[in-house]
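**Student:** Submitted below is the structure of interest, expressed as structure tokens.
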Amino acid sequence: MGAAYKFVYKFVAQLSRVELHIIPMTSETSRFIYTVKQLNRELRDLLETDYRSIWVEGEISGLATPASGHLYFSLKDKNSVIRCVFFRNRQNRNNAFPVEGMQVLLNGQISCYEPRGDLQIIVSYLEQAGEGALRRAFEILKQKLAAEGLFEQQHKSKIPTHPGAIGIITSDSGAALHDILVTLKRRFPLANVVLYPTLVQGAKAPKSIVAAIDLAEKRNEVDTLILARGGGSMEDLQAFNDEGVARKVFECAIPIVCGVGHEVDFTICDFVADQRAPTPTAAAEFVTPEMRQIKQAFLLLHSSLYENTLKYIQGFQQSVDYFTSSLVHPKQKLASYLAEHSYLYKQLNFYIHRHIELNNSLHEKYSSLISAHSPDSRIQYFRQQLRANRHSLGRSVAIQIRNKQHALYQNHEKIKLMDPQHTLHRGYAIVQNRKHKVITDPQHTKLGESLQITVSKGQISVLVDEIPAAKIPKCG
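This is the structure we're talking about:
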């Protein structure tokens, strides 16, 4: 087996190639001769025994995805390359799907592909480099805070249903802020909005988020807070998996709705916040009532108040009638009661009408706010987009026509070059006999034979008076 080990070392050093050296036969040399298949099989057995489970980090290159579902690629760094195969039945246990150029960390077994003697890694697990460590840290912190009870429902504050002021903690330049403001204006324009700008990504983001929450608590000007940012990778959302930020969100006296990332994204802040929303837009919808629902509730209250007031007046009138009928002589006192009743009735009617007018004023105000959010502006926007698209389409068609015209001109020039008349203009001629057969060899003519020569501007008739001797090709 000593010779086999020598070949293994050469094999590993060359990274997928076995370099054979012919050793002179001596009396001490073993006379066992390997076939190539035997040698590659022993190399495979040795590698799969000594390198059964290894971790390797590198960049994916030359990724191939055939119909079988198996993945074939090379793993490379600055200096070396090694081939890898990722069988389909092992891929469903992995969180990352490899793509060209991805930096990955993989676990697998070193093996030798017998037919070619190639060194390769049979991959059993693959993850994007760096993300695995973040995910493990995420799970450790999640278990720690859960054990302390920070995720328990009993510690969560109730989110106000009709907030007077809403605070937003996010980047002042991100798309999340725009989505939140649009949603708040659409659903509940009566609420005041206060922005506490903060960093949402990078090493300084956790301290910036904690400072924004501290500022909101100190100013105490909002009823609820929205903590938000758009989607991204786990590394992009790392600020919301920070322990300091999570504890600050848990300790905040103001109710917090966390809307970070997309629906599939979960951060530690989602678990400790008073309410988790799948997106920033969903967070804005959660903290605001629907304006249409408010209007319906108001109309119901108005109707109920009016009916109850009428019932009260009718009951009061019945009481007056009852006491009036029960009195025999005290007409003066009854008249006083009637006068007081009339005064109270007028006052009550005055306040009822005043209340109705106030409610009508509020109804008109809400109606104007609803009208302000009509789709006219969006229709105008789409009309502008349609005009722009028509203009762009016209330009594209004009460019296509110019390109086709240029191609037509080029093809026309090529056809002209292939025209025989063009060749005749350059001084060439066509020689034909009486049968109009083209003469290409002097030996195909006879003395005295009449020939016709076609040139660019006409034809010439000639007689053969001399035939040069045929040239004999030289041999060898």
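In our numbering, the protein residues as written are 338 to 813. Ideal placement from N, C-alpha and C gives every residue a C-beta, glycine not left out.
Should the stretch 540–554 be called in touch with the stretch 576–586, which here means at least 3 C-beta pairs below 8 Å?
**Tutor:** yes
**Student:** Leaving out five residues on either side along the sequence, give the residues of the same chain with a beta carbon under 8 Å from the beta carbon of residue 800.
**Tutor:** Position 463 of the sequence shown, counting from 1, holds the residue named residue 800. Once the five neighbours on either side are set aside, the close Cβ partners of residue 800 are 785, 786, 787 and 788.
**Student:** Give the C-beta separation of residue 596 and residue 563 to the nearest angstrom, bearing in mind that I take them to be a contact with Cβ-Cβ under 8 Å.
**Tutor:** If you number the sequence shown from 1, residue 596 lands on position 259. If you number the sequence shown from 1, residue 563 lands on position 226. Contact between residue 596 and residue 563 is confirmed by a C-beta separation of about 6 Å, below the 8 Å threshold.
**Student:** Can you tell me whether residue 314 is helix, strand or coil according to DSSP?
**Tutor:** Since the first residue shown for the chain is 338 and the last is 813, residue 314 is missing from the structure and cannot be characterised.
**Student:** To the nearest angstrom, report how far apart residue 552 and residue 533 are at their CA atoms.
**Tutor:** Your numbering for residue 552 matches position 215 in the sequence shown. Your numbering for residue 533 matches position 196 in the sequence shown. Cα-Cα distance, rounded: 8 Å.
**Student:** Helix, strand or coil for residue 333? Go by DSSP, reduced to three states.
**Tutor:** Here the chain covers residues 338 to 813 and nothing more, so residue 333 does not appear.
**Student:** Could you tell me which residues DSSP puts in a beta bridge with residue 796?
**Tutor:** If you number the sequence shown from 1, residue 796 lands on position 459. Note: residue 796 sits in a beta bridge opposite 791.
**Student:** Any idea what DSSP makes of residue 772, helix, strand or coil?
**Tutor:** On the sequence shown, residue 772 is found 435 positions in, with the first residue counted as 1. Residue state, collapsed to three classes: coil.
**Student:** I want to know whether the stretch 418–425 touches the stretch 380–391 - three or more CB-CB distances under 8 Å.
**Tutor:** no
**Student:** Quick check: what's the CA-CA separation for residue 588 versus residue 488?
**Tutor:** Stepping through the sequence shown from its first residue, residue 588 is reached at position 251. Stepping through the sequence shown from its first residue, residue 488 is reached at position 151. Answer to the nearest angstrom: the Cα atoms are 12 Å apart.
**Student:** Considering only residues of the same chain and omitting the five flanking positions on each side of residue 389, which have a CB-CB separation below 7 Å?
**Tutor:** Position 52 of the sequence shown, counted from the first residue, corresponds to residue 389. Cβ neighbours of residue 389 beyond the five flanking positions: 446.
**Student:** How would you write the range of the beta strand (DSSP E) that residue 589 sits in, first residue to last?
**Tutor:** Here residue 589 corresponds to residue number 252 of the sequence shown, with the count starting at 1. No beta strand (DSSP E) contains residue 589, which DSSP labels as neither H nor E.
**Student:** If you reduce the DSSP assignment to three classes, tell me which class residue 365 lands in.
**Tutor:** Within the sequence shown, the letter at position 28 stands for residue 365. With a pLDDT of only 48 at residue 365, under the threshold of 50, the placement of this residue in the model should not be trusted; the figure read from the coordinates follows. The answer is coil: DSSP assigns residue 365 none of H, G, I, E or B.
**Student:** Helix, strand or coil: which one does DSSP assign to residue 349?
**Tutor:** Walking along the sequence shown from the start, residue 349 turns up at place 12. Any reading at residue 349 needs caution, since the residue's pLDDT is 45, under 50, leaving its predicted position unreliable; the model's value is listed next. In this structure, DSSP gives residue 349 a helical state, which the three-state scheme calls helix.
**Student:** Within this structure, are the beta carbons of residue 528 and residue 496 separated by less than 8 Å?
**Tutor:** Along the sequence shown, one-based indexing puts residue 528 at 191. Along the sequence shown, one-based indexing puts residue 496 at 159. With contacts defined by Cβ atoms closer than 8 Å, residue 528 and residue 496 do not form a contacting pair.
**Student:** What three-state label does DSSP hand residue 388 in the structure shown?
**Tutor:** Within the sequence shown, numbered from 1, the residue matching residue 388 stands at position 51. If DSSP states are grouped into helix, strand and coil, residue 388 belongs with coil.
**Student:** Helix, strand or coil for residue 736 per DSSP?
**Tutor:** Position 399 of the sequence shown, counted from the first residue, corresponds to residue 736. In the structure shown, residue 736 sits in a helix (DSSP, three-state: H, G or I).
**Student:** So, with DSSP's three-state summary, where would you put residue 437?
**Tutor:** Counting from one through the sequence shown, the residue named residue 437 turns up at place 100. Reduced to three states, the DSSP call for residue 437 is coil.
**Student:** For residue 453, which three-state DSSP category applies?
**Tutor:** One-based indexing of the sequence shown puts residue 453 at position 116. The answer is coil: DSSP assigns residue 453 none of H, G, I, E or B.
**Student:** Should residue 585 be labelled buried (16 or more other beta-carbon atoms within 10 Å of its own) or exposed?
**Tutor:** Here residue 585 is taken as the residue at index 248 of the sequence shown, counted from 1. Here residue 585 is buried, its C-beta having at least 16 other C-beta atoms within 10 Å.
**Student:** Could you pull out every residue in the same chain whose Cβ sits closer than 7 Å to the Cβ of residue 448, ignoring the five residues on either side in sequence?
**Tutor:** Taking the first residue of the sequence shown as position 1, residue 448 is located at position 111. Correct list, in chain order: 381, 384, 385, 457 and 459.
**Student:** DSSP three-state label for residue 576, please.
**Tutor:** For this step, residue 576 is matched to residue 239 along the sequence shown. Residue state, collapsed to three classes: helix.
**Student:** Apart from the five residues on each side of it in sequence, which residues of its chain come closer than 6 Å, Cβ to Cβ, to residue 608?
**Tutor:** The sequence position of residue 608 within the sequence shown is 271, counting from 1. Within the same chain, residue 608 has close Cβ partners 488.
**Student:** If we require 4 or more residues per run, which alpha helix (DSSP H) segments fall completely within the stretch 462–544?
**Tutor:** 468–484 and 512–524
**Student:** Tell me which residues share the same chain as residue 622 and place their Cβ nearer than 7 Å to its Cβ, disregarding the 5 neighbours each side in the sequence.
**Tutor:** Your numbering for residue 622 matches position 285 in the sequence shown. Same-chain partners within the cutoff: 520 and 524.
**Student:** With DSSP as the reference, label residue 784 as helix, strand or coil.
**Tutor:** The sequence position of residue 784 within the sequence shown is 447, counting from 1. If DSSP states are grouped into helix, strand and coil, residue 784 belongs with coil.
**Student:** Along the chain, where does the beta strand (DSSP E) that runs through residue 561 open and close?
**Tutor:** Locating residue 561 in the sequence shown gives position 224, where the first residue counts as 1. Segment 561–566, the beta strand (DSSP E) holding residue 561.
**Student:** Only counting the same chain, and skipping five residues up and downstream in sequence, which positions put a Cβ closer than 7 Å to that of residue 639?
**Tutor:** As a position in the sequence shown, residue 639 is number 302, starting the count at 1. Cβ neighbours of residue 639 beyond the five flanking positions: 696.
**Student:** I'd like the list of long-range same chain contacts for residue 657, defined as Cβ closer than 8 Å, with 5 residues on each side in sequence excluded.
**Tutor:** As a first step, residue 657 is located in the sequence shown; it is residue number 320 there, counting from the start. The answer, listed in chain order, is 674, 675 and 678.
**Student:** Assuming residue 479 and residue 605 form a contact by the criterion Cβ under 8 Å, report the distance between their Cβ atoms to the nearest whole angstrom.
**Tutor:** Walking along the sequence shown from the start, residue 479 turns up at place 142. Walking along the sequence shown from the start, residue 605 turns up at place 268. With 8 Å as the limit, residue 479 and residue 605 qualify as a contact, their Cβ atoms being about 6 Å apart.
**Student:** Quick check: what's the CA-CA separation for residue 569 versus residue 371?
**Tutor:** In the sequence shown, the residue the question calls residue 569 occupies position 232. In the sequence shown, the residue the question calls residue 371 occupies position 34. Rounded to whole angstroms, residue 569 to residue 371 spans 56 Å at the Cα level.
**Student:** Span of the alpha helix (DSSP H) holding residue 605?
**Tutor:** Taking the sequence shown and counting its residues from 1, the one referred to as residue 605 is at position 268. From DSSP, the alpha helix (DSSP H) with residue 605 extends over 605–609.
**Student:** Let's see if you can read the secondary structure: which residues bound the alpha helix (DSSP H) around residue 425?
**Tutor:** Against the sequence shown, residue 425 aligns to sequence position 88. Annotation: the continuous alpha helix (DSSP H) that includes residue 425 extends over 425–428.
**Student:** Tell me whether residue 325 sits in a helix, a strand or coil according to DSSP, three-state version.
**Tutor:** The chain is shown from 338 up to 813; residue 325 falls before or after that span and cannot be answered.
**Student:** Give the DSSP-derived three-state secondary structure of residue 570 in the structure shown.
**Tutor:** Position 233 of the sequence shown, counted from the first residue, corresponds to residue 570. Coil, per DSSP.
**Student:** Determine the direct distance from the alpha carbon of residue 717 to that of residue 727, and round the result to whole angstroms.
**Tutor:** Reading the sequence shown from its first residue, position 390 is the one you call residue 727. Reading the sequence shown from its first residue, position 380 is the one you call residue 717. Those two C-alpha atoms are separated by around 15 Å.
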